[in-house]
Every structure is written in C-alpha cells, then in structure tokens.
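Visitor:
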Amino acid sequence: MALFYASDITDTTKTYTLSEEESKHCIRVLRKKKDDEIELVNGKGGQFFALICDAHEKRCQVEITCTIFHSPSKVIHIGLAPTKNMDRIEWFVEKATELGLTKLSFLSCTNNERNTLKLERVNKIAIGAMKQSKRFYLPEICELIPFNLFVTNNPGGYIGHCYESEKQGLATLQKDAVFLIGPEGDFTEKEVQHALENSYTAIELSAFRLRTETAALTAVFGLNA
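So the number in our numbering is just where the residue sits in the sequence shown, counting from 1, plus 114.
1. What is the DSSP secondary structure of Q246, counted as helix, strand or coil?
2. List the endpoints of the continuous alpha helix (DSSP H) containing Q175.
3. Given a threshold of 16 other Cβ atoms within 10 Å of its Cβ, counted over all protein chains shown, does P260 qualify as buried or as exposed?
4. Excluding sequence positions up to five away, which residues of its chain have a Cβ less than 6 Å from the Cβ of L258?
5. Just the C-alpha distance for G214 and A291, rounded to the nearest angstrom, thanks.
6. In three-state DSSP terms, what is E151?
7. Express the C-alpha separation of F264 and P186 in angstroms, rounding to a whole number.
8. Please determine if the region 137-144 and the region 166-186 are in contact, where contact requires at least 3 C-beta pairs separated by less than 8 Å.
9. Secondary structure at L117, three-state DSSP: helix, strand or coil?
10. Among the residues of its own chain, which have a CB less than 7 Å from the CB of H184, if the five just before and after it don't count?
11. Have a look at T216 and V143 and give me their C-alpha separation to the nearest angstrom.
12. What is the C-beta distance between I178 and T129, in whole angstroms, given that I count them as a contact (C-beta under 8 Å)?
13. Grouping DSSP H, G and I as helix and E and B as strand, with all else coil, what is D290?
14. Nearest CA to the CA of L310: which residue from S279, T126, T211, F206?
15. May I ask you to verify whether the region 186-201 touches the region 294-311, counting CB pairs closer than 8 Å and requiring at least 3?
16. Here's the rule I'm using: 16 or more other beta-carbon atoms within 10 Å means buried, otherwise exposed. How should Y277 be labelled?
17. Among K281, E254, S313, K289, whose alpha-carbon lies nearest the alpha-carbon of S267?
18. Taking its Cβ as the centre, do 16 or more other Cβ atoms sit within 10 Å of M115, making it buried, or is it exposed?
19. Around the C-beta of T286, are 16 or more other C-beta atoms found within 10 angstroms, so that it is buried, or is it exposed?
20. Tell me the DSSP secondary structure of H275 in three-state form.
Now the structure itself:
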C-alpha cells in the first residue's frame, strides 16, 4: 500500500489534505483515484489508513478509516560531527533512518571540516527513508551545537575515538543512550577528556579506522542490537 507523510495528522483527525508534494506523488505519479486506500504516517508513531475522497493533484483529500499508534522500541541518539562532503551525511541519514535512528545531533568540534548545514535537505532524505522502510518515527534532526555544551547537557553516553586508551566493545552498549562520533580528524584529546569527565564510556567500534559516516552507522547497529 502506498505510504505518505502527514506531519500534523493526529488521532482525532477525520479528514486530511495531503501536502502539494504528496498530493502530486499520489495522484499524478502513482495514479491513485477516488476511493483508493492509502496509508499515512506522521513520524511520531501514528499509522493512519485512509480512503481518497477528492483526488486533486495539488490538494488530495482523504478520509481516515483506522488509526494505530506504535510505541518506540528504542531511543537511538547519535551525536555526529558533519563531514565535509554533504553526500556522506545524506547517505548516513538515509541508512540510519532505515535502521531506526530516533535523534541526530550535529556537533561543532575543533577539527570539523564543515560548520554549516542545510537541514531542510537532510530532513527530506529522512522522510523518504522513513516512508521507504515503513517506519513510524521520523528522527529528530538538530542544528549544530558546540561539542562541550552538548556533552555537558547529555552526560553518560558513549564515544568513539582513535586514541590509544581503555575501551569497551560494542556488545556492552545499552539502549537509550547517545553515541558521539567525531570528524575525520577525530576528536581532540581535550574533547575526549571532557566526555570522560561527563561519564561517557569509550567504545571500540572496529579494529580498523572507519570513516565518520561508517563509524556512525556502526554505532546505530550497536545501539539497535
């Protein structure tokens, strides 16, 4: 069944008008017609079954026939220093959303190669991945925040880094925790120390050196296990 994104639909909604973009995809691309059944998600756990009552290609209106709400199974929060190449960030967001990412915080670190982001594009990719994978939660994607401030406000998570130090394995990860992934040049020693002082645990993601986006996806796998 065709799946569409409706961010502001709730359990009390009886009729709903799809956005112009979703209406166009529904009517012009998929050639849906009046009385066809479609499925909507709001990215907040809501699953809505609906019948098309006005097959307008810019303002498609539907009648809600059934509503189901799904509780999130896990909280998977990644703190990520953005890569210089946006394509690599977008690849990570797509794959991580498919795997159940619930929150992504971009970190401003000393060795960052990028300090500006177009979150509108990133969110659009996350929406597409949520729909494609038939998930019911859209990850919350946050603006860049200074590393030290983020760590202070979110103590007790995990951090991956390349320095020689005592580290635990992926198997020790607990759910509902944030995992920090640094830039290609790694976190500075001061940043790692700040994290450790705020009850972060260093994790060995691999015996090999991973790219930022690969390390982040590995962390998602670990938190999702």
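Cβ atoms here follow ideal geometry from the backbone N, Cα and C, with glycine treated the same way. In this text, all values refer to a predicted model and were calculated from it rather than measured experimentally.
Guide: Short version:
1. helix
2. Looking at the DSSP string, Q175 is not in any alpha helix (DSSP H); the run it does join, the beta strand (DSSP E), is 175-183.
3. exposed
4. F220, S222
5. 14 Å
6. strand
7. 24 Å
8. yes
9. strand
10. G159, Q161, F250
11. 30 Å
12. 7 Å
13. coil
14. S279
15. yes
16. exposed
17. In the sequence under discussion, the amino acid at residue 267 is Asn, which differs from the Ser named in the question. Closest option to N267, Cα to Cα, is S313.
18. exposed
19. exposed
20. coil
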